[in-house]
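Colleague:
2 protein chains.
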Amino acid sequence: MGLTKTHMFTDKQNELARIAKVLAHPARVAILEYISKQDACICTDLVDIIGLAQPTISQHLNEIKKIGLLNGTFEGKNLCYCIDQERWKEIQETLHTFFSNINRNCC
Amino acid sequence: MGLTKTHMFTDKQNELARIAKVLAHPARVAILEYISKQDACICTDLVDIIGLAQPTISQHLNEIKKIGLLNGTFEGKNLCYCIDQERWKEIQETLHTFFSNINRNCC
DNA sequence: TTGCTTCATCGTAATATTGCAATGTATAAT
DNA sequence: ATTATACATTGCAATATTACGATGAAGCAA
Chain S
1 MGLTKTHMFT DKQNELARIA KVLAHPARVA ILEYISKQDA CICTDLVDII
51 GLAQPTISQH LNEIKKIGLL NGTFEGKNLC YCIDQERWKE IQETLHTFFS
101 NINRNCC
Chain R
108 MGLTKTHMFT DKQNELARIA KVLAHPARVA ILEYISKQDA CICTDLVDII
158 GLAQPTISQH LNEIKKIGLL NGTFEGKNLC YCIDQERWKE IQETLHTFFS
208 NINRNCC
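Those protein sequence lines, which keep their order, are chains S and R. Using this note's numbering, you'd call the opening residue of the first sequence number 1 and step up by one each time. Using this note's numbering, you'd call the opening residue of the second sequence number 108 and step up by one each time.
#1: What number of angstroms, rounded off, separates the C-alpha of GLU93/S from the C-alpha of ILE198/R?
#2: Under the rule that 16 or more other beta-carbon atoms within 10 Å means buried, what is ALA124/R, buried or exposed?
#3: Does any residue of chain S have a CB that is nearer than 8 Å to the CB of PHE181/R?
#4: For chain S, is any of its Cβ atoms less than 8 Å away from the one on PRO133/R?
#5: Tell me the start and end of each unbroken beta strand (DSSP E) in the segment 22-87 of chain S that is at least 3 residues and wholly inside, in chain order.
#6: Measure from the C-beta of SER143/R to each C-beta in chain S and report whether the shortest distance is under 8 Å.
#7: Taking only beta-carbon positions, decide if LEU153/R is within less than 8 Å of chain S.
#8: Measure from the C-beta of ALA127/R to each C-beta in chain S and report whether the shortest distance is under 8 Å.
#9: Would you say the segment 10-30 of chain S touches the segment 127-134 of chain R, given that touching needs at least three Cβ pairs under 8 Å?
#10: Measuring only the C-alpha atoms, how far is LEU95/S from ILE102/S?
#11: Quick check on PHE116/R: does DSSP put it in helix, strand or coil?
#12: Which word fits HIS114/R, buried or exposed, when buried means at least 16 other C-beta atoms lie within 10 angstroms of its C-beta?
#13: For LEU168/R, which residues of its own chain have a beta-carbon under 6 Å away from its beta-carbon, when the five flanking residues on both sides are left out?
#14: Using the Cβ count rule (16 or more neighbours within 10 Å means buried), how would you classify PRO26/S?
#15: Using 8 Å as the threshold, is the C-beta distance between ILE35/S and ILE83/S below it?
#16: For ARG87/S, tell me which candidate among LEU3/S, LYS5/S, ASN71/S, VAL47/S has the shortest Cα-Cα distance.
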């Protein structure tokens, strides 16, 4: 027990949950907000901005990467992260679909 | 450690994370989908439909209730859950705003 | 009353997440 | 070559989540 029974659910349900899980931590929300607001591809001031330790930030970045939301490119010793526009739209669409498919009902 | 440092983030960031956390489990996604698809306010066939034990379903329903997404009314011994339309729209809007506030940038 | 159904709650075990110090790796600068 | 900078990775402790059996409360039916 303690283990999510993913096999009991549809692929779509699991995918939505997987996406939501990444957004389910304020640090990751903050990271996405910060990166998305940069004009240029500025790298990791994130540790200073967010205020968590460097390994923790690195870990969170990794979680976001796992669902394909981040592209990272090295520029010398600096790593430049930015948001994958295609994947961003895809996820936005997934959430929009979920929230639109609701009927008015009782109560 | 092990404790999310919510005080380091804005109210909006924490709120979004709190909402996402509820969607971050396929059972809760499935529950919301099921309830939203009922014409009438049909109650807990959820245990049969989802396939998790009754206490587990009850726990998940409680998580969804915590963010105000569920209204429950007793009808005799049956409890009738349905989605709070206002809150649903509010959350939809919160997510939409988050996903819309993104600039195109590099990479 | 007795028993049945519906749901919540408690207690507990298994697993996951969060956070960071220590350490490793790779590039850049001196 | 040495040092500094920018990350990633490892290992571990604290806490949270997930799941369910057992039990409790409240309504209904006999």
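Even glycine gets a Cβ: it sits at the ideal position worked out from N, Cα and C.
Modeller: The structure says:
#1: Along the first sequence, one-based indexing puts residue 93/S at 93. Along the second sequence, one-based indexing puts residue 198/R at 91. One C-alpha to the other measures close to 15 Å.
#2: Counting from one through the second sequence, the residue named residue 124/R turns up at place 17. Buried is the call here.
#3: Residue numbering aside, residue 181/R sits at position 74 when the second sequence is read from its first letter. Answer no: the Cβ-Cβ gap between PHE181/R and chain S never drops below 8 Å.
#4: As a position in the second sequence, residue 133/R is number 26, starting the count at 1. By this cut-off, PRO133/R is an interface position.
#5: Within the segment 22-87 of chain S, the complete beta strand (DSSP E) segments of 3 residues or longer fall at 70-75, 78-83, listed in chain order.
#6: Taking the second sequence and counting its residues from 1, the one referred to as residue 143/R is at position 36. Output row for SER143/R: interface = yes.
#7: Along the second sequence, read from residue 1 onward, the residue named residue 153/R stands at position 46. Contact with chain S is absent for LEU153/R, since none of that chain's Cβ atoms lies less than 8 Å from the residue's Cβ.
#8: Against the second sequence, residue 127/R aligns to sequence position 20. Closer than 8 Å to some Cβ of chain S, the Cβ of ALA127/R qualifies, so yes.
#9: yes
#10: Reading the first sequence from its first residue, position 95 is the one you call residue 95/S. Reading the first sequence from its first residue, position 102 is the one you call residue 102/S. Between LEU95/S and ILE102/S, the C-alpha separation is close to 12 Å.
#11: One-based indexing of the second sequence puts residue 116/R at position 9. In this structure, PHE116/R counts as coil in the three-state DSSP scheme.
#12: Within the second sequence, residue 114/R is the residue found at index 7, counting from 1. Under this definition HIS114/R is an exposed residue.
#13: Counting from 1 along the second sequence, the entry for residue 168/R is found at position 61. Excluding residues within five positions, none has a Cβ falling inside 6 Å.
#14: Residue mapping note: residue 26/S aligns to position 26 of the first sequence, counting from 1. Looking at its Cβ environment, which holds 16 or more other Cβ atoms inside 10 Å, PRO26/S is buried.
#15: Along the first sequence, read from residue 1 onward, the residue named residue 35/S stands at position 35. Along the first sequence, read from residue 1 onward, the residue named residue 83/S stands at position 83. Yes, they are a contact pair.
#16: Here residue 87/S is taken as the residue at index 87 of the first sequence, counted from 1. Ranking LEU3/S, LYS5/S, ASN71/S, VAL47/S by Cα distance to ARG87/S puts ASN71/S first.
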